[in-house]
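K.L.:
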Amino acid sequence: NAGVTQTPKFRVLKTGQSMTLLCAQDMNHEYMYWYRQDPGMGLRLIHYSVGEGTTAKGEVPDGYNVSRLKKQNFLLGLESAAPSQTSVYFCASSTPGRWEEDEQYFGPGTRLTVT
Amino acid sequence: GDSVTQMEGPVTLSEEAFLTINCTYTATGYPSLFWYVQYPGEGLQLLLKATKADDKGSNKGFEATYRKETTSFHLEKGSVQVSDSAVYFCALRPGAQKLVFGQGTRLTINP
């Protein structure tokens with residue numbers, strides 16, 4: 877099993893450009909998440925999905941859109957990139973169970989720089 | 085709101101030293117508490133967890149006890165190894181689909 881994979885690993889964008897980050901998981905997990913990690917701030921939840929065809933906003937959703945057309949994939953889109961979106965992006969997945977205990981499985985991250 | 089505060093890094097120790105990474109939290113209700121570890125070039129992975137007060141989570145020689153009275157979940161290891169060099173994240177789960185992370189602590193172990 878590959879677990880959670882993310883594409884691309886690195887990307888540099890100019891302000892105003894758009895791009896899509898792809899997250900794929902092969903563990904048949906229902907839940908998927910997108911986080912961003914900024915220096916000194918830990919990980920913050922952008923959007924999440926509790927199943928195919930569903931998405932919901934997290935803590936910092938502005939400037940991002942997501943789609944979950946297939947259970948195994950969760951896409952994060954930036955329509956018009958801004959320097960404030962320079963960050964490391966992590967995707968995660970989990971299986972619904974007792975939410976107090978369930979473990980999230982993380983991808984290796986995508987480092988995005990917006991100039 | 086819910087938040088997690090970790091001791092600031094980076095932390096540098098010699099091999100076989102005793103490790104403590106402090107973590108305190110603010111939350112309403114009774115959150116679950118987690119420690120995640122990120123090795124260089126990899127994603128985060130769960131190290132240990134505790135779901136109620138006084139629970140002790142343990143894994144790979146690491147331990148942390150859920151202390152409700154001090155709202156803490158400090159990570160400890162009696163004798164660290166070079167292979168423990170990584171970034172450690174404390175996190176709390178106040179409800180379904182929500183995981184709140186601390187800022188991370190970078191640990192370097194020198195041989």
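In the order they appear, the protein sequences are chains A and B.
Using the working numbering, you'd call the opening residue of the first sequence number 877 and step up by one each time.
Using the working numbering, you'd call the opening residue of the second sequence number 85 and step up by one each time.
Here a beta-carbon is modelled for each residue, glycine too, at the ideal position from N, C-alpha and C.
Because the structure is a prediction, the values reported are computed rather than measured.
1) Using a beta-carbon distance below 8 angstroms, is P937/A in contact with chain B?
2) In chain B, which residues lie with their C-beta within 7 angstroms of the C-beta of E979/A?
3) May I ask you to report which of helix, strand or coil DSSP gives P915/A?
4) Kindly say whether L921/A, judged by its beta-carbon, lies nearer than 8 angstroms to any beta-carbon of chain B.
5) Check whether the Cβ atoms of T108/B and S156/B sit closer than 8 angstroms, and answer yes or no.
6) What residue ranges within the stretch 147-192 of chain B form continuous alpha helix (DSSP H) runs of no fewer than 4 residues, ordered along the chain?
7) Taking the C-alpha atoms as reference points, what is the distance between Y113/B and A137/B?
8) Give the interface partners of M917/A over in chain B, defined as CB-CB distance under 8 angstroms, in chain order.
9) Straight-line CA distance for H905/A to V880/A?
10) From this set, T930/A, Q901/A, D978/A, R912/A, which residue's C-alpha is nearest F966/A's C-alpha?
P.N.:
A quick look at the data gives this:
1) no
2) L130
3) coil
4) Yes, L921/A counts as interfacial toward chain B.
5) yes
6) none
7) Residue identity differs from the one stated: residue 113/B is Gly in this sequence, not Tyr. Each residue's Cα considered, the two are about 11 angstroms apart.
8) Q187
9) 10 angstroms
10) R912/A
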